[in-house]
Amino acid sequence: MQTTLKIGTRGSPLALAQAHETQARLMAAHKMPADAFEVVVISTSGDRIQDRPLSEAGGKGLFTKEIEEALLAGAIDIAVHSSKDMPTQLPDGLELSAFLPREDARDAFVGKAVKTIAELPRGAKVGSSSLRRQALIRRMRPDLDVVMFRGNVQTRLRKLDEGVAAGTILAYAGLKRLGLEHVATDLMPLEIFPPAPGQGAIGIETRIGDRAAERMLVAIHDVPTGQALACERAFLAALDGSCRTPIAGYAAIDAGKLTFAGLIISPDGTQSHTVELQGAAQDAARIGDEAARTVRAKAGEKFFDGWV
């Protein structure tokens, strides 16, 4: 009988922090000792490719492919992911079974000589590898020079220290999980700088039909986060969202009511369309799909031409 639950994860400090948070919650929920778990580090294509944007290398699946292969092969029992890195289409045989309570979904600006994007001098370099963040920066400050910035949180902060850029944008949730929230010099309001779908949420993937894993995870699953993510992922899926498309979306749950705000924006930041919908949280996926159809109709099919 298997006595160790194997938790698959990427090897970055943030990914490991998320895996250990999952382990700690499972230990507390089931009163299990630490040695009942093994954190298995798996190198992914997204970690290895650092010389070009993910949109050119294959998109979001680059951060999950090898982990999902290990899950399907039985080398690990569950996989812990940053939800915003998850493609909307999962491999056959796998499913997202649980979400931990969502952290702050806002983006954070980290500046070296200034505290905010507004204070940057004309032509200053701002680093980001996210097409969404690049487009939103350009919408706010078209005079800035937005440069490609790959690597984990520590690598990006080191690049700032080296003067590669005057500032960068990072997920505040990631900084908090790493105990680095103090490096954020400004927090971007959700309505001005909306997050990526899934930002701030840890998702746990399992093999379909693995009842033992499901029974363990149900105790740590956060229902409101799961409902919010169902809406955001449906929005993304209906727009065929990937790392190639600048799309933002955020769903909030309050007393069983869901409020969703979505955005599509051109990569140069000059054109954008928004949508806001409300409804019952239990209809989350339908609301996300309807929001996508609404904003696509607003923008017209030509809006998406030339994005890839």
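For the sequence shown, full-length UniProt numbering begins at 1 and goes up steadily by one. For every residue, glycine included, the Cβ atom is placed at its ideal position computed from N, Cα and C.
1) Who does Ser82 pair with in a DSSP beta bridge?
2) Thinking C-alpha only, which one of Cys231, Ser129, Leu5, Ile247 is nearest His30?
3) Where in the region 210 to 268 do unbroken runs of the beta strand (DSSP E), each at least 3 residues long, occur, reported from the N-terminal end onward?
4) Since Asp161 is in the alpha helix (DSSP H), which residue starts that stretch and which ends it?
5) For Pro33, count the other beta carbons within 10 Å of its own beta carbon; 16 or more makes it buried, fewer makes it exposed. Which is it?
6) Could you pull out every residue in the same chain whose Cβ sits closer than 7 Å to the Cβ of Arg25, ignoring the five residues on either side in sequence?
7) Between which two residues does the alpha helix (DSSP H) holding Thr22 run?
8) If Leu71 and Arg207 are in contact, beta carbons under 8 Å, what's the gap, nearest whole angstrom?
9) Mapping the DSSP letters down to three states, classify Thr168 as helix, strand or coil.
10) Out of curiosity, what's the CA-to-CA distance linking Gly8 and Arg141?
11) Taking 8 Å as the cut-off, does the region 85 to 104 touch the region 113 to 127 (at least 3 CB pairs, one atom from each stretch)?
12) For Ala251 and Gln134, what's the separation of their Cα atoms in angstroms?
13) Hey, Leu190 and Arg106 are a contact pair by Cβ (cut 8 Å); roughly how many whole angstroms apart?
14) Pro197: which of Asp143, Thr155, Ile287, Ala248 sits nearest, CA to CA?
15) Give me the Cα-Cα distance between Asp222 and Glu103, rounded to the nearest whole angstrom.
Put simply:
1) Partner(s): Ile202.
2) Out of Cys231, Ser129, Leu5, Ile247, the CA that lies nearest to the CA of His30 is found in Leu5.
3) Taking 3 residues as the shortest admissible run, the region 210 to 268 contains the following complete beta strand (DSSP E) segments, listed from N- to C-terminal end: 247 to 254, 257 to 265.
4) Where Asp161 is concerned, the enclosing alpha helix (DSSP H) stretches over 153 to 161.
5) Residue environment for Pro33: exposed (fewer than 16 other C-beta atoms within 10 angstroms of its C-beta).
6) Excluding sequence neighbours, Arg25 sits near Leu100, Ile220.
7) That run of the alpha helix (DSSP H) goes 13 to 30.
8) Indeed, because the Cβ distance is near 6 Å, the residues count as touching under 8 Å.
9) Looking at Thr168 - three-state DSSP - the assignment turns out to be strand.
10) Looking at the two C-alpha atoms, the distance is approximately 40 Å.
11) By the Cβ criterion, the region 113 to 127 is not in contact with the region 85 to 104, since fewer than three pairs of Cβ atoms, one from each stretch, lie closer than 8 Å.
12) When rounded, the distance between both Cα atoms is 22 Å.
13) Separation of the CB atoms of Leu190 and Arg106 is rounded to 6 Å, and the pair is thereby assigned contact status at 8 Å.
14) The shortest Cα separation from Pro197 among Asp143, Thr155, Ile287, Ala248 belongs to Ala248.
15) Looking at the two C-alpha atoms, the distance is approximately 12 Å.
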